[in-house]
Structure formats: C-alpha cells, structure tokens
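First comes the structure, then the notes that go with it.
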Amino acid sequence: MSLEFEQSNPNPETQPLEPPIPELQPVSSTPSKSRFPSWRLWLPLGLQSLLILSVPAQAIYTHLTGRVVILQTAPVDPYDFLRGYYQTLSYDISQWETLEKLPGWKELVDQPLAENFSYPPSGTRFYVILEQPKAEGKNQQQPQAWKPVGISRDRPENLQPNQVALRGKSQYLQVEYGLENYYMPEDQITQVNEDISRAQIDLDQPFVVEVKVDSTGRAVPISLWVDRRNYRF
Amino acid sequence: MDKFRHQLRKEVKIWHAEGLIDDSVYEQLKARYQLDALEKAASDRFVAVLLGLGGILIGLGAIAFVAANWQAWSREIRVLLLLSLFVGVNAGGFYLWRTPAGNAIAGTQTWRQRLGQSLLLLGALILGANLGLMSQMFHLSGSVYELFLVWGLGVTVMAYSLQMTALGVMAVILMAIAYWSGVGELFRPGEPTVLRILLEHFPLVMAQFVVLAYWCQSKGIFGLAAIALIPALSFNTALLPALGLTAAVKSSLAVVLPPFLLWGYDDLNFPKVTGRMFQPLARTLALVFLSLVFYSCAFNWFWLAVPGSSGDSQTAFNQILVIDIVIFGMIALWEWVQLAKPSRKRLRRWRLDQTSSALGGLLIVTAGVFLWHINVYPIPTLATFLFNVQLFLLGAGLIRVGLAKGLRGCFWWGMILLILQIMSRMLEYNTALLLKSFVFVLCGAGAIAAGLWFERHFSRKGFAQEDEA
Chain A
1 MSLEFEQSNP
11 NPETQPLEPP
21 IPELQPVSST
31 PSKSRFPSWR
41 LWLPLGLQSL
51 LILSVPAQAI
61 YTHLTGRVVI
71 LQTAPVDPYD
81 FLRGYYQTLS
91 YDISQWETLE
101 KLPGWKELVD
111 QPLAENFSYP
121 PSGTRFYVIL
131 EQPKAEGKNQ
141 QQPQAWKPVG
151 ISRDRPENLQ
161 PNQVALRGKS
171 QYLQVEYGLE
181 NYYMPEDQIT
191 QVNEDISRAQ
201 IDLDQPFVVE
211 VKVDSTGRAV
221 PISLWVDRRN
231 YRF
Chain B
1 MDKFRHQLRK
11 EVKIWHAEGL
21 IDDSVYEQLK
31 ARYQLDALEK
41 AASDRFVAVL
51 LGLGGILIGL
61 GAIAFVAANW
71 QAWSREIRVL
81 LLLSLFVGVN
91 AGGFYLWRTP
101 AGNAIAGTQT
111 WRQRLGQSLL
121 LLGALILGAN
131 LGLMSQMFHL
141 SGSVYELFLV
151 WGLGVTVMAY
161 SLQMTALGVM
171 AVILMAIAYW
181 SGVGELFRPG
191 EPTVLRILLE
201 HFPLVMAQFV
211 VLAYWCQSKG
221 IFGLAAIALI
231 PALSFNTALL
241 PALGLTAAVK
251 SSLAVVLPPF
261 LLWGYDDLNF
271 PKVTGRMFQP
281 LARTLALVFL
291 SLVFYSCAFN
301 WFWLAVPGSS
311 GDSQTAFNQI
321 LVIDIVIFGM
331 IALWEWVQLA
341 KPSRKRLRRW
351 RLDQTSSALG
361 GLLIVTAGVF
371 LWHINVYPIP
381 TLATFLFNVQ
391 LFLLGAGLIR
401 VGLAKGLRGC
411 FWWGMILLIL
421 QIMSRMLEYN
431 TALLLKSFVF
441 VLCGAGAIAA
451 GLWFERHFSR
461 KGFAQEDEA
C-alpha cells in the first residue's frame, strides 16, 4: 500500500520526479575500491574502539590509583541475590539507618530539601568517610571491614592517613556507590551464594567486599571475602 | 545465471556443429558469456565452500578454546582478545565487501560482497557485545540505555562512513531501544552526563537519520527513524516539564506537532535534492498518526481521563527540553510556509492546496479542543463529539482522495476508519442488541458494496496509476 500525495503539492518547480541525483547513487550494491578508501573503515572503527575503551576507563583509573578498602555487607534477602550473571551487593553503609547515626548527617539533610522527608532527595551526592580498623590481627585470614565515621555533602579536605572518602548517591530511597553489581561466571554463582548465605547466618564469619577507592571518591569492587575464602572474578 | 550459461554452452556447441552459426559468431558468444570460464568458476566455488567450511570449524574451535580458558586469562588478555576479534571481523568484512565486482553482471552482488556485508553487520553486533562485556569485566553498574545509546551511536558512525543501509537500519533500532529503555530516567533528577543529554534530546538526535536516509537512499531508514522519532517527540512534549509551558500547551503540541511536521515534509526543501523520495512516506505516516489520535480521542473515557486544568509541577531539572519543542516547531512552521509560498504556478498568491488546508484545519481544531479542555473549562462531551466529527471527516476525506486518484490503499484505509468508528461507538454506548445487529449488518453490507463498486469502477480505468504508486 502506498499513498501518493505529491500531486497535491503546489510547487510546480518540483514537478519532475527525477531519479536521485548522481552523487547520492546507491552504492551498497556495487562498492568499489576507489569509492571506499581504507580510511572509511578505519576512522569509524577507531571511534568505535575508543567507545569500547571509554566504558572501563574510569574503572581502570580507579584500579591503578585507588586505595584498597574493605566494606562490610548488609544481610540480603537470599532470594534477591541472583540477577542474571551478577551478585547484587548491599553494604552496611547502603542503609540509611547506618548513615543517620554518622556525624554530618544533620547538615546533609538540613540543606534544601522537601519537608516531611527525612532522607536526602533522589540524586543527592554525598561522601562517606571510612576509617581503617586499628587493631588488625596478623593471624586473621579475613581482612577487617572499615568503619564509617562521617558523612558530608562536599568532598572532605583534610582526611587522616587512615581514612578515605567514598562517593555515594541517594537514588529513590536507596543508596548507590557504583559497587552494587559483582559479575561472576554462571557455574560458580550457586556455590558463592551458598557460602554467602552460610556466612550471613553465622555472624562471626562475616561477608566483606574488597574495593578500591580513588582520590575522587569513586570506587570499583575487586573481590569478595566470604567465610575466609576470597573470590575474585 | 550459471544454469543458463551451462545450457547455452551445450546449445552453442550443437549450433556450431550443425552449422547454424559460423566460427566468428561462435567465438563471440563464447567470449560474451565467458563460457570457457565455467569450469574455473565451478572449481572456484568448490574451493570457496571448502574454505568457508574450514573457517566455520576453526571459528567454532576458537570459541570453545576461549570459553574454556576465559576465567583463567587475565583481564588484559581478555580485553585484547575482544578488541582484536572486533577489529578483525570488521576489517575482513570491509575488504571483502569492497572487492570490485569484477566481471560479474553489473548490479548484482558477488558472494564476496555479500559475505563482507554480513561480516560488517556481525562486527556491529560484536561492538555491542564488547561494550557489554567491558562493563561486566569491570563490575560496572550502568543503565541499559547507556549501553544501547553508545552502541547505536557507534553503528551510526559506521553507517555514514560506509553508506550502508543495513547498518543504518540497525543503528535506528538500537537508538529506539535506548530511548524506550531509558525514558524513565528522565523523570528523575540526575547528573547531566553526555549520554543523559543525548537521551533528553532524543528527537533531535534522531533527526540526523534523515540525512543518513538520503545518503543511503533508503526509505527504510527514513521510515524507521520517523517511527522512532515521532512517538518520542510526542511523549517528551506531553509529559516532561518544559520552561514556561503549561500542561494544556504541551498536550496540544504533542498531538499536533508530529502531523504538522510529517505532512509538511518536502524533500525539495533540502539543498541538492531533486526528487521527492520520502514525502509520500512522511505524509502516509502523518495520516497514520492522525488516525490513531482521532480514533483514541473519539472515546468519551479519553476525555474523562485527561485532567481538566491540571496544576503544573515545574521542576528545574529538565527545562532545557523546551529547545526541542522550539526547534521542531520552527521546522514545522517553515515547512508550511514553503507549502503555501507563491510559486511559478500561482504568482504572488499565498495559498495552500485543498488537502493541506483541510488537514491544517483539522489540526487547528484538535489543538483548540485540547487547549480549551485543559486550560479553560473541561468539555468532555463536546470534545468527544468534535473528535467523532473529525474522525468521520478524515475517513470520508481518505475515501474521496482514494476515489479521485484511484488509490486503493487510501480508499480502504478511509473505509476501515469509518467502520471502526461506527463499531467502537456501538460498543462504547450501551445500545440495544437489536440495533447493534442492525448496524453491524449495515456496516458489513455497506463495506462490501462500496468495495465492490470501487474495484469495478477502477478496474475499467485500469490500475496504471496505482502501479506507478
């Protein structure tokens, strides 16, 4: 079905319905060497490669320059673990109850905010200050989780040597650090999940995540420590 | 073709032996159809099949090997492998596709070119896979729309460079997926990253595909891009907050702007374009859009659901959207000025042709009803009535144009609109069963009678015009 309405158009100089002009001839049927010099492949291909590499660029920077920090995970509904090929991770500091108790919370919530809403509005950026635990027993096989000691809207300037600032974002009543997904191979997901469930039931053997935090506060997950076992993918 | 050549070779030998043709004609025929090269072509093809089979087996082996070792390799090796696969497939595809057609019959693609084109398409798919795997390997938690948007942009660049329709179509589809998977993000505040800005201005981003459609001479790209662009434009205009625009203005613009744009589209407004390649398609799409709008607005519940004089929640985060509306509005206005401009035919007279003025009238009434209903006073009953009248006028107008110009599709489209309208009103308002049956029968009989009349009326005239169309 095709409807032709061109007759109703008043512009007479447009009447002759000529075939397309030569310079826009269809070429896909007979491409030739002269029409398609090599740069017509390599230029867009280079751009596409740059696009591919730009995806992990920030993560690579964080990997190279970041500092290792250990984060305590929060108990998660075991049925919520598995989403395709990745583990959904939730941390102690992903919960508002933890953040509420930190010094600096009042200032974060006091600033422009809707009334009768006790959390920062969606899209608010903030920094959580984490401190390395003091007594790190040498005989312990599992690293100790860092403790949150403060929260602020702006990046804190004068941090102690044993502190880092981790950038977070409030997103629909949730907290996001960009550390929420951990991809792992399909055949090992079940085993890791079982380990995590066991570790979370028995609180003495906690489940912590090793991450790297760079100077801007961005972070990438490195590996999981579950029940003294280290998973790195 | 080859079958014919084989047969011809046999026949030519016989003709020569029987003395039907002399030596010179025999040689000429042999040279013209390259009959001596037939054996070589056959053996070439055999070699190609062998090579292809071997290639597939080696490829499968390589995939199995990679899958077996994937976890054992370091991330650097994996990235390197993915990138070299990506570059290799694209480069192989390009150089195969580019090979000159040689002595093949002009206009047909050789197997090399076809294989090359498939490899280039595969390369575009591998681009997406690479983007996804990169984000997975580094445990990134980005949105799906970002992946599709970056992927679509990458493929668009390649489509422009290689002037290849298949890649262009793929890019349009990827962009559409990106928009619909990410449009929810626009309703929540977020940082203005490049990708988010592109998503916000999706209709403007899609408009560049019109250039690609000319570049590739492809109606497919144009049509698909319009189908992706128009709903997005309506949706953004109607639902997202824009600086200084009330809900009434936004909803009437969302309904009226797309058909104005599409109906006013004229290829000749572009410099260097001499043929009306896409105008019929654009106008068809305008009528499809209008049919859908009129049909939905002819239901009474539609007007009961549209809130009368609703309060606007003006939020600061994406007021920039007003730019899209202004730009597309200006384009539509300019297109219609071009339609009405004095031309060689009617010197110094500003006038629209009949169809365009009728359509413009319908659109102005539509915008007016929306404005009045939302801004001034809710008029659900009157609006329903007016839109039923408009739907009827559209259907009748299509039938009339179909009859006048012998366009079968146009005639039947109008017919179906009218029947749909009557049926829907019957089912919407609780009418007696007997009346229902009467109307159904009447509709059916009317459709059959009109259809038969139309087909007979024009079969006498012949469908020469339609064949052109």
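Each protein sequence line maps, in turn, to chains A and B.
With our numbering, the residue at position 97 of the first sequence is 97, and numbering never jumps.
With our numbering, the residue at position 16 of the second sequence is 16, and numbering never jumps.
The C-beta atom is built at its ideal place from N, Cα and C for all residues, glycine as well.
For a contact meaning CB atoms closer than 7 Å, what does residue i contact in chain A?
i       : result
A490(B) : Only positions 1 to 469 of chain B appear in the structure, and residue 490(B) is not among them; the question remains open.
F94(B)  : L41
L81(B)  : Chain A residues near L81(B): none, gap ~13 Å exceeds 7 Å.
L420(B) : Result: empty, since nearest Cβ-Cβ is about 17 Å, beyond 7 Å.
V150(B) : L51
R78(B)  : None at all; the shortest Cβ gap to chain A is about 11 Å.
G168(B) : Ordered by position in chain A, no residue passes the 7 Å Cβ test against G168(B), which lies about 10 Å from the chain.
Which chain A residues are close to residue i, counting only those with a beta carbon under 8 Å from its beta carbon?
i       : result
V205(B) : None at all; the shortest Cβ gap to chain A is about 16 Å.
P189(B) : P121, S122, G123
V194(B) : Near V194(B) there are no residues of chain A at all, since even the closest Cβ is about 10 Å away, more than 8 Å.
Quick check on residue i: does DSSP put it in helix, strand or coil?
i       : result
E131(A) : strand
L186(B) : helix
I470(B) : What is shown of chain B runs 1 to 469, which leaves residue 470(B) out entirely.
Y91(A)  : strand
T62(A)  : helix
S122(A) : coil
G217(A) : coil
Q72(A)  : strand
I21(B)  : coil
S218(B) : coil
V306(B) : coil
N158(A) : coil
L102(A) : coil
S437(B) : helix
K252(B) : Correcting the residue type first, residue 252(B) is Ser in the shown sequence and not Lys. S252(B): helix per DSSP, three-state reduction.
L51(B)  : helix
S303(A) : With chain A represented from 1 up to 233, any question about residue 303(A) goes unanswered, as that position is not in the structure.
R67(A)  : strand
Y231(A) : strand
Y160(B) : helix
Y33(B)  : coil
Is the separation between the beta-carbon of residue i and that of residue j shorter than 8 Å?
i       : j       : result
P120(A) : L108(A) : yes
T62(A)  : A219(A) : yes
V194(B) : A171(B) : no
C298(B) : N388(B) : It should be pointed out that residue 298(B) corresponds to Ala in this sequence rather than to Cys. Yes, Cβ-Cβ distance for A298(B) and N388(B) is below 8 Å.
R228(A) : Q132(A) : no
H373(B) : P221(A) : no
G123(A) : R196(B) : no
L122(B) : L96(B)  : no
L89(A)  : P148(A) : no
M164(B) : L120(B) : yes
V306(B) : L224(B) : no
D324(B) : L229(B) : no
Quick one: which chain B residues come within Cβ less than 7 Å of residue i?
i       : result
P185(A) : Q71
P156(A) : Under the 7 Å cutoff, chain B gives no residues; its nearest Cβ is about 20 Å from P156(A).
A219(A) : Those do not exist, as A219(A) stays about 10 Å from chain B at its closest Cβ, beyond 7 Å.
Nearer than 7 Å: is that true of the beta carbon of residue i relative to any heavy atom of the ligand ATP?
i      : result
L41(A) : Among the components modelled here there is no ligand, and therefore nothing to report on the ligand ATP.
In the DSSP assignment, find the unbroken alpha helix (DSSP H) run with residue i in it and report its ends.
i       : result
R5(B)   : 2–18
V273(B) : Looking at the DSSP string, V273(B) is not in any alpha helix (DSSP H), and its letter there is neither H nor E.
V79(B)  : 75–98
R408(B) : 408–428
M277(B) : Segment: none, M277(B) is in no alpha helix (DSSP H) and carries neither H nor E.
D195(A) : 186–201
E200(B) : 194–200
Over the uninterrupted beta strand (DSSP E) stretch that includes residue i, give me the two end residues.
i       : result
E210(A) : 207–213
S170(A) : 163–171
G253(A) : Nothing can be reported for residue 253(A), as the shown portion of chain A is limited to 1 through 233.
Q174(A) : 174–176
Y182(A) : 181–183
N130(B) : Not the beta strand (DSSP E): N130(B) falls in the alpha helix (DSSP H), residues 111–137.
R351(B) : Premise fails: R351(B) is in no beta strand (DSSP E) and is neither H nor E.
Which chain B residues are close to residue i, counting only those with a beta carbon under 8 Å from its beta carbon?
i       : result
Y182(A) : H139
G178(A) : L140, S141
Which residues in chain A have a C-beta closer than 9 Å to the C-beta of residue i? List them in chain order.
i       : result
S357(B) : Under the 9 Å cutoff, chain A gives no residues; its nearest Cβ is about 10 Å from S357(B).
* At what residue ranges does the segment 354–382 of chain B contain a whole run of the alpha helix (DSSP H), taking only runs of 4 or more? -> 354–371
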